[in-house]
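Colleague: Position one of the sequence shown corresponds to residue 549 (our numbering), numbered consecutively onward.
Glycine residues also receive a C-beta, built at the ideal position from the N, C-alpha and C atoms.
The structure displayed is predicted, hence computed values, not measured ones.
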Amino acid sequence: MKVVLAYSGGLDTSVILKMMQEKLNAEVITVTVDVGQKDDFKKIEEKALKFGAVKHYTID
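1. Tell me whether valine 563 is buried or exposed, calling it buried when 16 or more other Cβ atoms sit within 10 Å of its Cβ.
2. Taking all protein chains shown into account, decide if lysine 595 is buried (16 or more other Cβ within 10 angstroms of its Cβ) or exposed.
3. Measuring CB to CB, does aspartate 582 end up less than 7 Å from aspartate 608?
4. May I ask you to report which of helix, strand or coil DSSP gives valine 602?
5. Nearest to lysine 550 by CA position, among Tyr605, Lys598, Leu597 and Ala574, is which residue?
As structure tokens, then:
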């Protein structure tokens with residue numbers, strides 16, 4: 549199963565990412581939306597992939 553997770557890079561969504569993998573045996577694709585915040589989107593992508601996302605998208 550593949551699922552898409554709106555991912556902020558914070559603790560909550562990082563834990564949810566791992567839970568979706570472990571409990572649902574899901575391939576998790578993460579998405580972050582740039583709505584003008586000052587986040588480092590490259591670091592968010594790196595964190596998502598480190599936690600096991602199969603792919604990450606940043607939408608501007």
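Modeller: Taking the definition as stated:
1. Walking along the sequence shown from the start, residue 563 turns up at place 15. The residue in question, valine 563, is exposed, as its Cβ has fewer than 16 Cβ neighbours within 10 Å.
2. Here residue 595 refers to the residue found at position 47 when the sequence shown is read from its first residue. Flag for lysine 595 reads buried.
3. The residue given as residue 582 occupies position 34 in the sequence shown. The residue given as residue 608 occupies position 60 in the sequence shown. Result yes, Cβ atoms of aspartate 582 and aspartate 608 sit closer than 7 Å.
4. Position 54 of the sequence shown, counted from the start, is the residue given in the question as residue 602. Reduced to three states, the DSSP call for valine 602 is coil.
5. Position 2 of the sequence shown holds residue 550. The shortest C-alpha separation from lysine 550 is found at Ala574.
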